[in-house]
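In this note's numbering, the protein residues as written are 31 to 399.
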């Protein structure tokens, strides 16, 4: 900055001398940039921290105010100051102990608003994180993964994904997972294994191989138990990946049934009526409190027979601005006729459903705003 001002004033007298100083300034700036880049590549050069809750922020400022008042007011005796300091220390330690040793026994399902696509983050107790799809914008250069999904995970303080699920390789589900694979530790990838030739899917597989991530090809009946209370069961694909043509990738979507204590969710990817009818073989397993509506609420999904079997109380439609007519008015009417509460990411923004395994609490970005 100083050299810049010097260059300006000398330039009023001599352009030649100003040019010399400007070049020196250029070299200094390049050196600073080089040093910064070198240090940024070192381990622990930077760390990501979770966004603090409003309660933590309020508590922090109250403590700061209290400490300032306590130590800078001369009218307070040393005895009172010591007692007050011990009280503040005790409260702080109590909060830390509660946070670390008695974490909330709640499960959170985040339907992240990624526009016309799917991205669902499941946060379970004991820091178990499951990511189903990552959204994508095939008709745009906008990078959903880097701009929305990764920052969302960082704000949550998440550094590791226990299970990453790609329901099927369409770009509105796949693209956003690429930056996640690049930046996060992923313990396992669950994929439909459909034969897809897109460059994005090839990059997806390449990243998995490069990082040595365990890869599992999904099939109906697979079961994943994360704890005594948390379990995932796969209802689809019913057939081997070679059975499906590219035009039928939607119906090969991985369908996930999530059990948490007495609560259950059904995530249906992009399945349509053809797959829904075949899934009726699961009978009572289909019944779920929360339904992630298939294929962004298209007219070809959520048929009445399937809806009767699932019998949800809440339906979530992940949808954005589109030219396909999603969600279909017919689908909306079918849900409304059964008095199912509807939430939509295009209207409500990101939708967060929290449960203790018995009850549900729902928060939306629209409500926050």
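Backbone N, C-alpha and C fix where the C-beta goes; we use that ideal spot for every residue, glycine too.
Kindly indicate which three-state DSSP category residue i falls into: helix, strand or coil?
i	result
residue 140	strand
residue 321	strand
residue 246	strand
residue 33	helix
residue 221	strand
residue 344	strand
residue 46	helix
residue 311	helix
residue 69	helix
residue 278	helix
residue 272	helix
residue 113	helix
residue 329	coil
residue 55	helix
residue 60	helix
residue 96	helix
residue 84	helix
residue 38	helix
residue 4	In the structure as shown, the chain starts at 31 and stops at 399, and residue 4 therefore has no counterpart that could be examined.
residue 349	coil
residue 389	coil
residue 146	coil
According to DSSP, which residues form a beta bridge with residue i?
i	result
residue 394	381
residue 256	None, per the DSSP bridge assignment.
residue 264	286
residue 216	191
Would you give the residue range spanned by the alpha helix (DSSP H) that residue i belongs to?
i	result
residue 367	359-367
residue 335	334-340
residue 239	229-241
Cα separation between residue i and residue j?
i	j	result
residue 252	residue 305	18 Å
residue 97	residue 81	24 Å
residue 292	residue 286	16 Å
residue 290	residue 298	17 Å
residue 255	residue 319	20 Å
residue 199	residue 269	16 Å
residue 242	residue 137	29 Å
residue 406	residue 225	Coverage of the chain is limited to positions 31 through 399, which leaves residue 406 absent and any answer about it impossible.
residue 125	residue 89	10 Å
residue 266	residue 231	20 Å
residue 45	residue 67	32 Å
residue 166	residue 344	25 Å
residue 272	residue 64	51 Å
residue 161	residue 117	41 Å
residue 323	residue 156	28 Å
residue 307	residue 216	34 Å
residue 229	residue 194	19 Å
residue 240	residue 223	18 Å
residue 122	residue 218	37 Å
residue 69	residue 177	25 Å
residue 370	residue 362	10 Å
With residue i as the anchor, note down where its beta strand (DSSP E) starts and where it stops.
i	result
residue 290	285-290
residue 373	371-374
residue 316	Careful: residue 316 lies outside any beta strand (DSSP E) and carries neither H nor E.
residue 294	293-297
key: Residue ranges of each beta strand (DSSP E) within the region 149-214, 3 or longer   = The region 149-214 contains these whole beta strand (DSSP E) runs: 150-154, 158-162, 193-196.
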